[in-house]
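*Asks:*
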Amino acid sequence: ASTAASGHVVVAVLARSCRYQCNTRAALVISLDNTFITTTSPAVTLEMVGGSATVNFHNIKMLELPRMEVDCHFSDVRLLAENSGAKVYGARYLQSGTSVVLKCVQKEATKKKDFCRERHYNHCLSSHPNIVKCFDDTFETSTSYVLTQELTRVSDLSKFIMKGGVGEMRAKLVAEQVGQALEFMHKNDLVHRDVCSENIFVFSCELTRFKLGDFGSTQRVGAFVKKQKVRSPWAPPEVSLTVYNEGYLVDTAQDAWQLGILIFVCLTGSYPWSSADITDHHYNSWVAWLKRKTTKMPPRFKCFTPRLLRLLRRLLEPKPEKRSGVRELYKYLSDPWLMDESNSFGITINAKLSQILSGSSKSLYSRAEEKLLDLVHSRLHHSDVRPPAGNKKRVRFSFDGEIWSPGDAVTPA
Numbered sequence: 032a033s034t035a036a037s038g039h040v041v042v043a044v045l046a047r048s049c050r051y052q053c054n055t056r057a058a059l060v061i062s063l064d065n066t067f068i069t070t071t072s073p074a075v076t077l078e079m080v081g082g083s084a085t086v087n088f089h090n091i092k093m094l095e096l097p098r099m100e101v102d103c104h105f106s107d108v109r110l111l112a113e114n115s116g117a118k119v120y121g122a123r124y125l126q127s128g129t130s131v132v133l134k135c136v137q138k139e140a141t142k143k144k145d146f147c148r149e150r151h152y153n154h155c156l157s158s159h160p161n162i163v164k165c166f167d168d169t170f171e172t173s174t175s176y177v178l179t180q181e182l183t184r185v186s187d188l189s190k191f192i193m194k195g196g197v198g199e200m201r202a203k204l205v206a207e208q209v210g211q212a213l214e215f216m217h218k219n220d221l222v223h224r225d226v227c228s229e230n231i232f233v234f235s236c237e238l239t240r241f242k243l244g245d246f247g248s249t250q251r252v253g254a255f256v257k258k259q260k261v262r263s264p265w266a267p268p269e270v271s272l273t274v275y276n277e278g279y280l281v282d283t284a285q286d287a288w289q290l291g292i293l294i295f296v297c298l299t300g301s302y303p304w305s306s307a308d309i310t311d312h313h314y315n316s317w318v319a320w321l322k323r324k325t326t327k328m329p330p331r332f333k334c335f336t337p338r339l340l341r342l343l344r345r346l347l348e349p350k351p352e353k354r355s356g357v358r359e360l361y362k363y364l365s366d367p368w369l370m371d372e373s374n375s376f377g378i379t380i381n382a383k384l385s386q387i388l389s390g391s392s393k394s395l396y397s398r399a400e401e402k403l404l405d406l407v408h409s410r411l412h413h414s415d416v417r418p419p420a421g422n423k424k425r426v427r428f429s430f431d432g433e434i435w436s437p438g439d440a441v442t443p444a
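Numbering of the sequence shown is given in my numbering, commencing with residue 32 and proceeding in unit increments.
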């Protein structure tokens with residue numbers, strides 16, 4: 032122990048970076064701005080954030096939830112999203128007028144202990160600027176457990192990705208801010224397990240501020256969980272290969288994999304594969320190239336620079352023990368991620384169209400579609416070009432389609 036300048040006694044404990052742990056049952060007394068915190072917990076974790084201390088990330092208590100009905104305490108209640116087990120509403124407190132999110136988890140689909148775990152972890156993590164805040168008000172209705180969270184005036188990230196991605200600059204912002212949120216969780220031995228565009232919320236109309244939310248699947252590192260419903264394009268191979276209702280160990284490598292998928296989706300507006308399984312052709316192509324069994328790069332990755340491919344090699348490594356952590360991302364944020372338009376597609380376009388497309392905020396796949404339409408139009412109206420007879424091909428432009436080669440024959444419908 033050492034004596035602080037204020038005369039208060041501060042107990043020194045084993046420190047690693049800014050994280051402090053005490054694994055004894057002795058009372059721990061800490062002076063922070065003349066305020067004493069005492070505890071006799073056998074495993075105390077203190078995370079120093081802006082001069083405050085967060086105690087006991089993993090000491091989850093069963094809450095005594097007050098019984099309330101939403102209509103009696105909130106106005107302007109409107110449905111924002113729903114799935115098989117929960118409904119999310121936007122609402123306004125009748126007394127204060129404060130707007131919040133009400134996440135109503137159905138009692139039939141969720142055990143109370145699981146709801147308390149989600150609320151506890153979300154509340155403890157709320158100090159991070161890139162994690163959706165969970166407020167103190169928690170209650171139950173006749174059919175649901177309800178927690179209150181901060182409300183975004185925009186939407187979740189999936190709404191923008193559905194329009195064709197968010198472009199390289201914003202993709203880097205998403206990756207960096209979500210990566211920081213995940214790193215904060217991992218330092219506290221927590222794994223999110225459901226990192227996807229639907230669980231990332233946009234907090235600025237300019238798409239510059241993002242927060243990670245939905246901690247219903249969050250578990251402690253090393254927890255043994257049973258495989259239930261998973262989002263197939265996002266699930267790492269060690270989860271995809273697990274039989275339904277069989278168990279597997281929770282690990283931070285699972286979040287790192289989903290971060291890699293998130294980067295791909297933000298840049299292209301599509302998934303790299305349907306499932307990280309040997310039955311998926313696109314996933315097999317990636318693994319073969321990754322293991323250097325072939326020099327043929329998977330078509331869906333041809334638009335990426337060597338530096339981004341290097342990062343994806345580390346995040347989308349099939350073996351979790353070899354997979355890099357989320358911190359690997361920071362080494363590549365200053366590098367270009369997308370190839371030049373002419374290099375990535377092998378298409379020469381006129382200077383005017385090139386200038387228009389270079390200033391576009393649309394995704395790479397969306398810009399490619401415009402290029403292909405222009406190229407098809409010019410080829411079909413050129414006097415020297417004749418579509419071959421008897422070998423007609425239908426042209427279908429899709430975000431999930433392969434990149435069309437200028438050498439392919441095209442016949443107008």
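For glycine and all other residues, C-beta sits at the position ideal for the given N, C-alpha and C.
The structure presented is a predicted model; accordingly, all values stated were derived computationally and were not measured.
1) State the DSSP-derived secondary structure class of Arg-184, mapped to helix, strand or coil.
2) Sort out for me which residues DSSP pairs Arg-109 with in a bridge.
3) Does the pairing of the stretch 285-305 with the stretch 338-356 give three or more beta-carbon distances under 8 Å?
4) Hey, would you say Leu-96 sits closer than 8 Å to Tyr-152, going by beta carbons?
5) Could you tell me which of His-217, Asp-107 and Leu-243 sits nearest to Gln-208, measuring between CA atoms?
6) Looking at Phe-447: is its Cβ nearer than 8 Å to the Cβ of Leu-369?
7) With DSSP as the reference, identify every bridge partner of Glu-171, one or two as the case may be.
8) Are three or more beta carbon pairs between the stretch 162-173 and the stretch 90-105 nearer than 8 Å?
9) In the stretch 282-339, which residue ranges form an unbroken alpha helix (DSSP H) of at least 4 residues, counting only runs that do not cross its ends?
10) Do you know offhand how far Ile-192's Cα is from Val-296's?
11) So for Gln-211, helix, strand or coil by DSSP?
12) Taking only the alpha-carbon atoms, compute the straight-line gap between Thr-273 and Lys-350 and give it to the nearest angstrom.
13) Identify the continuous beta strand (DSSP E) that holds Tyr-279 and give its terminal residues.
14) Can you give the Cα-Cα distance for Thr-326 and Val-252, rounded to whole angstroms?
15) Below 6 Å CB to CB, which residues in the same chain sit around Ser-385 once its five sequence neighbours on both sides are set aside?
16) Could you give the distance in angstroms between the alpha-carbon of Ser-158 and the alpha-carbon of Asp-102?
17) Just the C-alpha distance for Pro-329 and Pro-337, rounded to the nearest angstrom, thanks.
18) Let me confirm a value: Ala-255 is counted as buried when at least 16 other C-beta atoms fall within 10 Å, else exposed. Which label applies?
19) Assuming Gly-356 and Thr-249 are in contact, meaning their beta carbons sit under 8 Å apart, how far apart are those beta carbons, in whole angstroms?
20) What whole-angstrom Cβ distance do Lys-258 and Asn-276 have, given they're in contact under 8 Å?
21) Buried or exposed: which applies to Gln-126, given that a residue is buried once 16 or more other Cβ atoms fall within 10 Å of its Cβ?
22) I want to know whether the stretch 176-190 touches the stretch 215-233 - three or more CB-CB distances under 8 Å.
23) Is it true that the CB of Gly-291 sits closer than 8 Å to the CB of Leu-339?
24) According to the neighbour-count rule (16 or more other Cβ atoms, all chains shown, within 10 Å of its Cβ), is Thr-179 buried or exposed?
25) Do you know how far the Cα of Ser-271 is from the Cα of Phe-313?
26) Taking a contact to mean a Cβ-Cβ separation below 8 Å, would you say Phe-241 touches Val-205 in this structure?
27) Please identify the residue among Leu-280, Val-281, Gln-289 and Gly-278 whose C-alpha is closest to the C-alpha of Trp-265.
28) For Arg-150, count neighbouring Cβ atoms within 10 angstroms of its own Cβ and tell me buried if that reaches 16, exposed if not.
29) Expressed to the nearest angstrom, what Euclidean distance is found between the alpha-carbon atoms of Val-197 and Tyr-361?
30) Relative to the C-alpha of Lys-164, which candidate in Ser-130, Trp-317 and Glu-359 has its C-alpha closest?
31) Can you list, in chain order, the residues of its chain whose CB lies under 7 Å from that of Gln-211, leaving out five sequence neighbours each side?
32) Taking its Cβ as the centre, do 16 or more other Cβ atoms sit within 10 Å of Met-200, making it buried, or is it exposed?
33) Leaving aside the five residues before and after Leu-364 along the sequence, list all residues of the same chain whose C-beta is less than 8 Å from its C-beta, in chain order.
*Replies:* Put simply:
1) coil
2) Answer by DSSP bridge pairing, in chain order: Gly-121.
3) Touching, yes.
4) no
5) Leu-243
6) Residue 447 falls outside the range modelled here, since the chain spans only 32 to 444, and no answer is possible.
7) Per DSSP, the beta bridge partners of Glu-171 are Arg-98 and Tyr-176.
8) yes
9) 284-299 and 312-321
10) 7 Å
11) helix
12) 14 Å
13) 278-280
14) 37 Å
15) Only weak support is given to the placement of Ser-385: the predicted model assigns it a pLDDT of 41, under 50, and the question is left unresolved by the model.
16) 30 Å
17) 13 Å
18) First, the amino acid is wrong: residue 255 is Phe here, not Ala. Burial call: exposed.
19) That belief does not hold up - the Cβ atoms of Gly-356 and Thr-249 are roughly 17 Å apart, past 8 Å.
20) 6 Å
21) exposed
22) Taking 8 Å as the limit for Cβ pairs, the verdict is that the stretch 215-233 does touch the stretch 176-190.
23) no
24) buried
25) A small correction: the amino acid at residue 313 is His; Phe does not occupy that position in the sequence shown. For His-313 and Ser-271, the distance between alpha carbons rounds to 15 Å.
26) Their beta carbons are under 8 Å apart, which means Phe-241 touches Val-205 by this criterion.
27) Answer by Cα proximity: Gln-289.
28) buried
29) Whole-angstrom Cα-Cα distance: 19 Å.
30) Ser-130
31) Asn-161
32) exposed
33) Lys-203, Ala-206 and Glu-207
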